[in-house]
Structure formats: C-alpha cells, structure tokens
Amino acid sequence: MLGWYIFVIFTVVPQVLAVHTVTELDVKKYLGRWYQMYASESVMVTFERWSRVRHRGLRSQRQRTNGDVRGELNVIRGYAQPTNVTGQLMVHLNGVRFVAPYWVFKLGPETYGPDGLYQYSLITDNLDATLFVLARDVNTFRTEYQQEVQDFLKQEGFTKFYNMPVATVQTSDCKYGPPPPQ
C-alpha cells in the first residue's frame, strides 16, 4: 500500500500542481552566461548559498564559492536533455547519482546582446519545490525586470517556505571565471 501512495505522489500530484512550462524555447537564445539572482530556500540550503551560477544552454557549468564571495571556487559540469514537452529538460550533473527536472516556466524578452538572447529565465521542477531565477546581466535585471519577476512568482504561488525566492549574493566582490568553450 505504501508503494501505491508513493506512486501517486510522484506521478499524479506533479501533474495537478505543476506550473506550465514555456510553449517556445529557442535553444540558441538560451545559450551563454547566466547569473543566478534568486533561488528557493530548498536550493540555497543544499548547494547554492553564496553562489554565482552560469549555464551554457544544454551544457551546464555551475560555479560557486564556499562560505562567502571570496571563498574557494567550485565548479560542477553537466548537461541537459530535452524531453518531449517544450521547456522541460532533465539535468545530469557530474558526480550526482540522480537526474533532476529543469522546467523553464517563464522567459524574459529576447533583447539581450546583438543576438537577441533571453534577458532572464525562471526554472522550477515538476513539484514546484525548487526555484532558480537566472539573468543575463545583474544590474539590468535589478533595474528593469526584478519587480516584474517577483510579482509573477507571487502570482504563481512561489510563496511557500521551500520555494519562495531568496536573493543570491551578486556584488562587485564576486569573481567570475571565464565562460566554458562553446
């Protein structure tokens, strides 16, 4: 009987509770460097506090420091596989034994840089238990998109202790490594 409950929790409940993912995702406009602006407490506590994050489209490389912005730099690499649903990917990280859902549920305008890349991306999982808010440019996000994103997240129910947005440290003291090769 316990097995049946677990089956329902992981198959039926996500379909009822989950946000809808984007209907269009142009991978070319998703490639490049991203900065993590917010993450949910569930993410911050486990591995993202005092972090700066960078994603490379379907290849991923995350960089973060331990303890504070001047701490030792750690890098984790991986890749994302698309599923049969637009905006829903599965992320494989080197050294991690499980695959994680990576659901893009909102994208910013396609106005960043000469190639018209997405300005920001909002990511969750199939249970809406985690949250990542990524931006192309820290200052532009703060001045032009932060309030819009916060209002949207509140409207979508990212207000619970485990999925509400918690600011990631992004200051002039942060040091960023070079982007990985394309």
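Residue numbers (mature numbering (1 follows the signal peptide of the UniProt record, and there is no 0)): -18 to -1, 1 to 164. Cβ atoms here follow ideal geometry from the backbone N, Cα and C, with glycine treated the same way.
Whole-angstrom distance between residue j and residue i, CA atom to CA atom
i: V148; j: T106; result: 14 Å
i: V115; j: N145; result: 12 Å
i: Q101; j: T3; result: 17 Å
i: P64; j: D8; result: 12 Å
i: V151; j: V57; result: 17 Å
i: M72; j: L109; result: 14 Å
i: G98; j: K10; result: 10 Å
i: Q128; j: E92; result: 16 Å
i: R38; j: D119; result: At R38 the pLDDT is 42, less than 50, meaning the model places this residue with poor confidence and gives no usable figure here.
i: R124; j: Y17; result: 12 Å
i: M131; j: N66; result: Residue identity check: residue 131 is Val in the sequence provided, not Met. Those two C-alpha atoms are separated by around 27 Å.
i: K136; j: P96; result: 32 Å
i: G90; j: M19; result: 14 Å
i: S103; j: A82; result: 17 Å
i: G77; j: R59; result: 9 Å
i: T153; j: Y12; result: 24 Å
i: R34; j: T141; result: Since pLDDT at R34 reaches only 36, below the 50 mark, its modelled position is unreliable, and no value is offered.
i: N121; j: V86; result: 22 Å
First through last residue of the alpha helix (DSSP H) which encompasses residue i
i: V9; result: V9 to Y12
i: D133; result: Q128 to Q137
Residue i - partner residues in DSSP beta bridges
i: A82; result: V73
i: P96; result: Looking at the DSSP assignment, P96 forms no beta bridge with any residue, so it has no partner.
i: P64; result: L71
i: F114; result: A21 and I105
i: K88; result: L104
Close Cβ partners of residue i (< 7 Å) along its chain, the five nearest in sequence each way excluded
i: E138; result: V1
i: T68; result: T3, V4, T5, E6 and L7
i: F143; result: E23
i: F134; result: K88
i: E126; result: none
i: R79; result: none
Endpoints, beta strand (DSSP E) assigned at residue i
i: V148; result: P147 to A149
Cβ neighbours of residue i in the same chain (closer than 6 Å, five flanking residues each side left out)
i: S22; result: T112, L113 and N145
i: A117; result: Y17, M19, Y102 and F123
i: Y94; result: Q101 and R118
i: V(-7); result: Residue placement at V(-7) cannot be trusted, given a pLDDT of 47 that sits under 50; what the coordinates show is reported in the next sentence. Taken in chain order, the list of residues that qualify is empty.
Minimum Cβ-Cβ distance from residue i to chain C less than 8 Å
i: M146; result: Reference to chain C is not applicable here, since this structure consists of a single protein chain.
Spatial neighbours of residue i in its chain, beta-carbon cut-off 8 Å, leaving aside the 5 residues before and after
i: Y84; result: A62, Q70, L71, M72, V73, I105 and D107
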